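K.L.:
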Amino acid sequence: RPCAVENTYAEVTGRGECTPCPGNTTMRGNGSSDAADCLVLCSEGSYSTADPVNGFGVEPCLQCDAGTHAPLRGALACSACAKGKYAGAGMSACADCGTNRTTRTAGSQSVAECLDMCREGYFGKYGVDNCAPCDRGTFTPGPGYSMCVPCGGNLTTRFAGDTLCLPACGPGEVGQFGVGPDCVPCGAGEVAGQEGSLCQNCSAGSFPSVDRTECVPCAAGTFQLAAGIPCAGCPAGKEAPSAGATACTDCLAGTYASQEATAECLACPDGFTSPGAGATSCDACGPGSFAAGGASACLPCAPGTFSSSPAASCPPCPLGTYAPAWGATSCEDCPLGTTLELGAAAVSQCVGFLEAGVEWSDPAQAGAPTRVALRFSPQMVIRPGESITVGLPLFFLPASGKVDLLGGDGAVSTSFEAYFANASLDLPFNNIRILARDGNPAQAPVSLEVPAAAGVRLPEQGTPRNNLALTLSTDARSGPVRELPINNSAPVGSFDGTARLSLAGGRLSVAFSAVMNIAAGEAITFELPKLRPVGGGAAGSSLQVALEGNTRAAFNASAVWEVPAVGGSGRLVLTVAGGGMLRANMMTSVSVSGVEEDPGQSAVSGEEQVFLWSDAFDGPVPRTAVTGLCSVASVYSRCCARVRCLL
47 RPCAVENTYA EVTGRGECTP CPGNTTMRGN GSSDAADCLV LCSEGSYSTA
97 DPVNGFGVEP CLQCDAGTHA PLRGALACSA CAKGKYAGAG MSACADCGTN
147 RTTRTAGSQS VAECLDMCRE GYFGKYGVDN CAPCDRGTFT PGPGYSMCVP
197 CGGNLTTRFA GDTLCLPACG PGEVGQFGVG PDCVPCGAGE VAGQEGSLCQ
247 NCSAGSFPSV DRTECVPCAA GTFQLAAGIP CAGCPAGKEA PSAGATACTD
297 CLAGTYASQE ATAECLACPD GFTSPGAGAT SCDACGPGSF AAGGASACLP
347 CAPGTFSSSP AASCPPCPLG TYAPAWGATS CEDCPLGTTL ELGAAAVSQC
397 VGFLEAGVEW SDPAQAGAPT RVALRFSPQM VIRPGESITV GLPLFFLPAS
447 GKVDLLGGDG AVSTSFEAYF ANASLDLPFN NIRILARDGN PAQAPVSLEV
497 PAAAGVRLPE QGTPRNNLAL TLSTDARSGP VRELPINNSA PVGSFDGTAR
547 LSLAGGRLSV AFSAVMNIAA GEAITFELPK LRPVGGGAAG SSLQVALEGN
597 TRAAFNASAV WEVPAVGGSG RLVLTVAGGG MLRANMMTSV SVSGVEEDPG
647 QSAVSGEEQV FLWSDAFDGP VPRTAVTGLC SVASVYSRCC ARVRCLL
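First residue of the sequence shown: 47, per our numbering; consecutive thereafter.
1) Contact check, residue 186 vs residue 194 under 8 angstroms by CB: the rounded distance?
2) With DSSP run on the structure shown, which of helix, strand or coil describes residue 276?
3) Give every residue of the same chain whose Cβ lies closer than 7 angstroms to the Cβ of residue 189, excluding the five residues on either side of it in the sequence, and list them in chain order.
4) So, is residue 507 buried or exposed, given that buried needs 16 or more other C-beta atoms within 10 angstroms?
5) Expressed to the nearest angstrom, what Euclidean distance is found between the alpha-carbon atoms of residue 517 and residue 523?
6) So residue 297 and residue 311 are supposed to be a Cβ contact under 8 angstroms. How far apart are they, rounded?
7) Might you give, ordered along the chain, the residues of its own chain that have their beta carbon closer than 6 angstroms to the beta carbon of residue 650, omitting 5 neighbours on each side?
8) How big is the Cα-Cα spacing for residue 106 and residue 206?
9) With three or more beta-carbon pairs closer than 8 angstroms as the criterion, would you say the region 476-495 touches the region 454-467?
10) Look at residue 267 and residue 309 and say whether their C-beta atoms are less than 8 angstroms apart.
11) Go through the region 561-638 residue by residue and report every complete run of the alpha helix (DSSP H) that reaches 4 residues or more, in order.
12) List the residues that DSSP assigns as beta-bridge partners of residue 381.
13) Could you compute how far the alpha carbon of residue 606 sits from the alpha carbon of residue 591?
14) So the candidates are 246, 212, 231; which of them puts its Cα closest to the Cα of residue 273?
15) Closest by CA to residue 527, which one among 77, 455, 427, 286?
16) Could you check the C-alpha separation between residue 110 and residue 133 for me, to the nearest Å?
17) In this structure, what does DSSP give as the bridge partners for residue 396?
18) Using CA atoms only, rank isn't needed, just tell me which of 56, 86, 89 is closest to residue 76.
19) Using only alpha-carbon positions, find the residue among 192, 265, 275 that is nearest to residue 150.
20) Answer with yes or no whether the minimum CB distance from residue 150 to chain C is below 8 angstroms.
21) Between 619, 665, 216, 629, which has its C-alpha nearest residue 657's C-alpha?
22) When we look at the beta-carbon of residue 623 and count the other beta-carbons within 10 Å, is it buried (16 or more) or exposed?
23) For the beta strand (DSSP E) containing residue 73, name the first residue and the last one.
24) Quick check: the Cα distance between residue 379 and residue 366, rounded to an integer number of angstroms?
25) Sort 446, 137, 51 by Cα distance to residue 63 and report the nearest one.
26) Distance, Cα to Cα, residue 525 vs residue 510?
27) Short of 6 angstroms in beta carbon distance, which residues of its chain neighbour residue 239, apart from the five on each side in sequence? Order them along the chain.
28) Considering just the uninterrupted stretch of the beta strand (DSSP E) at residue 662, what are its terminal residues?
29) Taking 7 angstroms as the limit between beta carbons, can you name the residues of its chain near residue 376, skipping five residues before and five after?
30) Tell me whether residue 369 is buried or exposed, calling it buried when 16 or more other Cβ atoms sit within 10 Å of its Cβ.
31) Measure the CB-CB distance between residue 389 and residue 334 and report whether it falls below 8 angstroms.
32) Which ranges does the beta strand (DSSP E) cover as unbroken runs of at least 3 residues, wholly within the region 77-135, from first to last along the chain?
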């Protein structure tokens, strides 16, 4: 039977003993009958990659690679040489590099990889390359270190690369190499140097810190002429923008410093400047000039702009104005029309409607239908489809709709058509919109008329001469113009239905309120049927009469009673004197004594009316019935609503 003892064999049957395998061999299992089952272990410096036998590597074996070693037989793998050691191929042990020598890494293959270690107090990569001294205050406990270790606490080294940590001198103290035990404090104006071995004076522009460890620069806005004196604030008009200044510099033109100790001069605000260096304040630009903030000089406003107060720029002239010269303090109004854009620099940029005027029916009466005869020459091109709007505030217009226009020849115009429009949010007044069918060249005169039959009525209060409320405007793309006054319009006056008459006890009283100015020498005339001065007068003569009871001190007038010819009516003519009579919503009342009924007209049948008119230049009033129909039986006993007869 096979040997039962591990690592033994018996080749001869019948022998009662088993033979052990030779040294440095091993066997699979407990025993064998064949000596060939004794397997040889791998020698030192080699290893096996086959399955291990009893935990050992057996032949066939491989030699260990360089940089590794196998110190025992039966190795299954080789181990890398430690750092500081090396080995060639097939080595059972790694050789040592020697004293103060090492390798960069483990696994070195030859002595050539052994390098000198960084000495104590020095460090380098891997502890060998590019060795450099440790900074002051750090050290290495031995050679071959890759980084330095801080001394810690209040300890430091005497110099870089030193290996001994010693107590450091205190703040503001110095000693040999900056360490004790013989440390002494620095004197006034001195600080301890960085190494703590020498006291140093602070340079001009700085002073010692409280602990005398560093020089502190003078703050911005201050300076120090020489070392050892206090820092002082810069005078007004100067600056020191950086810390540590030894002198202050003047503020540049366009800047100023109104206070001492200024770090940086301030830029003059918009509209102000300082023309020279070292300014403590800024001067305002005069009218007609400007300066952006920080400018060194005021500049004149360019044509088309103006300024009346200090500013960063000159605003453009508003629409309707222009400024032709440099340095304008205001813009001139366009003599006519307006400008198309802001900033007009010449009167030629003013556009509008030349020779604009409007006429009414002749005679024209307040509140009555009237023609509207327009004439103007637009300074812009009116293209087909563009329009001109005539503003007629307080005028009565028929309901909105189209109306035929008459041209200058009196025929219906084929070039223009008109539309009535009442006041709206867009145009808060009644207006007539004239639409160009064929267009109209610039400067080409236009003459159009809305006939009286169209139904336009003058305002009940009339309209003054050259009424600036009457306007022209256009939506023309070549020159859209906002509402411009029609400078030439005929006046129409009115007494606005306020006239009153009364006759009692031989005294005739008249009262009225004019809505127009009545100048000196202009007259108000009442035509009074069936009345005459007491005793009458020669037919066709004029009698001077005295006015009494004038209720308006500002109204001075003389009165003449014009005696009619046979069959005519008497007239009371009031001629305004003095400074004239200004329009006002106030009644004027005067009386004439010695008036009686005219017996010569008492037999006249039918009904008579009282008439009133005025030749006022500012608003003539045509001969207008003011009493309505009154019966003959009792003089003026039945009157219309426009007059009250108190008899």
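The beta-carbon is built from N, C-alpha and C at its ideal position, and this holds for glycine as well.
Bear in mind that the values here come from a model prediction, so they are computed numbers and not experimental data.
P.N.:
So, from the listed chains and residues:
1) By one-based count along the sequence shown, residue 186 stands at place 140. By one-based count along the sequence shown, residue 194 stands at place 148. Their Cβ separation, rounded to whole angstroms, is 6 angstroms, which keeps residue 186 and residue 194 in contact under 8 angstroms.
2) Here residue 276 is taken as the residue at index 230 of the sequence shown, counted from 1. Correct three-state label for residue 276: coil.
3) Taking the first residue of the sequence shown as position 1, residue 189 is located at position 143. Here the set comprises 146, 163, 164, 165, 166.
4) In the sequence shown, the residue the question calls residue 507 occupies position 461. Under this definition residue 507 is a buried residue.
5) The sequence position of residue 517 within the sequence shown is 471, counting from 1. The sequence position of residue 523 within the sequence shown is 477, counting from 1. Answer to the nearest angstrom: the Cα atoms are 19 angstroms apart.
6) Within the sequence shown, numbered from 1, the residue matching residue 297 stands at position 251. Within the sequence shown, numbered from 1, the residue matching residue 311 stands at position 265. Indeed, because the Cβ distance is near 4 angstroms, the residues count as touching under 8 angstroms.
7) Counted from its first residue, the sequence shown places residue 650 at position 604. Note that residue 650 has pLDDT 38, beneath the 50 cutoff, so the model's placement of it is unreliable and the number below is only indicative. So the list is empty, once near-sequence residues are dropped.
8) As a first step, residue 106 must be located in the sequence shown, where it is residue number 60. As a first step, residue 206 must be located in the sequence shown, where it is residue number 160. Answer to the nearest angstrom: the Cα atoms are 58 angstroms apart.
9) yes
10) In the sequence shown, counting from the first residue as 1, residue 267 sits at position 221. In the sequence shown, counting from the first residue as 1, residue 309 sits at position 263. For residue 267 and residue 309, yes; Cβs fall inside 8 angstroms.
11) none
12) Locating residue 381 in the sequence shown gives position 335, where the first residue counts as 1. None, per the DSSP bridge assignment.
13) Residue numbering aside, residue 606 sits at position 560 when the sequence shown is read from its first letter. Residue numbering aside, residue 591 sits at position 545 when the sequence shown is read from its first letter. Answer to the nearest angstrom: the Cα atoms are 6 angstroms apart.
14) What you label residue 273 is simply residue 227 of the sequence shown in a count that begins at 1. The candidate whose alpha carbon is nearest that of residue 273 is 246.
15) Walking along the sequence shown from the start, residue 527 turns up at place 481. If we check each option's Cα against that of residue 527, 427 comes out closest.
16) On the sequence shown, position 64 is the one that residue 110 refers to. On the sequence shown, position 87 is the one that residue 133 refers to. For residue 110 and residue 133, the distance between alpha carbons rounds to 10 angstroms.
17) In the sequence shown, counting from the first residue as 1, residue 396 sits at position 350. According to DSSP, residue 396 bridges with 385.
18) Taking the first residue of the sequence shown as 1, we reach residue 76 at position 30. Out of 56, 86, 89, 56 has the C-alpha closest to the C-alpha of residue 76.
19) By one-based count along the sequence shown, residue 150 stands at place 104. Per the Cα distances, 192.
20) Looking at the structure shown, chain C is missing, and only one protein chain is on hand.
21) As a position in the sequence shown, residue 657 is number 611, starting the count at 1. Measuring from the Cα of residue 657, the nearest candidate turns out to be 619.
22) Taking the sequence shown and counting its residues from 1, the one referred to as residue 623 is at position 577. So residue 623 counts as exposed.
23) Locating residue 73 in the sequence shown gives position 27, counting from the first residue. Where residue 73 is concerned, the enclosing beta strand (DSSP E) stretches over 71-73.
24) Against the sequence shown, residue 379 aligns to sequence position 333. Against the sequence shown, residue 366 aligns to sequence position 320. Their Cα atoms are separated by approximately 6 angstroms.
25) Along the sequence shown, read from residue 1 onward, the residue named residue 63 stands at position 17. The candidate whose alpha carbon is nearest that of residue 63 is 51.
26) Stepping through the sequence shown from its first residue, residue 525 is reached at position 479. Stepping through the sequence shown from its first residue, residue 510 is reached at position 464. Each residue's alpha carbon lies about 29 angstroms from the other.
27) Here residue 239 refers to the residue found at position 193 when the sequence shown is read from its first residue. Only 246 meet the Cβ criterion.
28) For this step, residue 662 is matched to residue 616 along the sequence shown. Segment: none, residue 662 is in no beta strand (DSSP E) and carries neither H nor E.
29) Translated into positions along the sequence shown, residue 376 becomes position 330. Contacts found: 352, 354.
30) Position 323 of the sequence shown, counted from the start, is the residue given in the question as residue 369. Label assigned to residue 369: buried.
31) In the sequence shown, residue 389 corresponds to position 343, counting from 1. In the sequence shown, residue 334 corresponds to position 288, counting from 1. For residue 389 and residue 334, no; Cβs fall outside 8 angstroms.
32) 84-86
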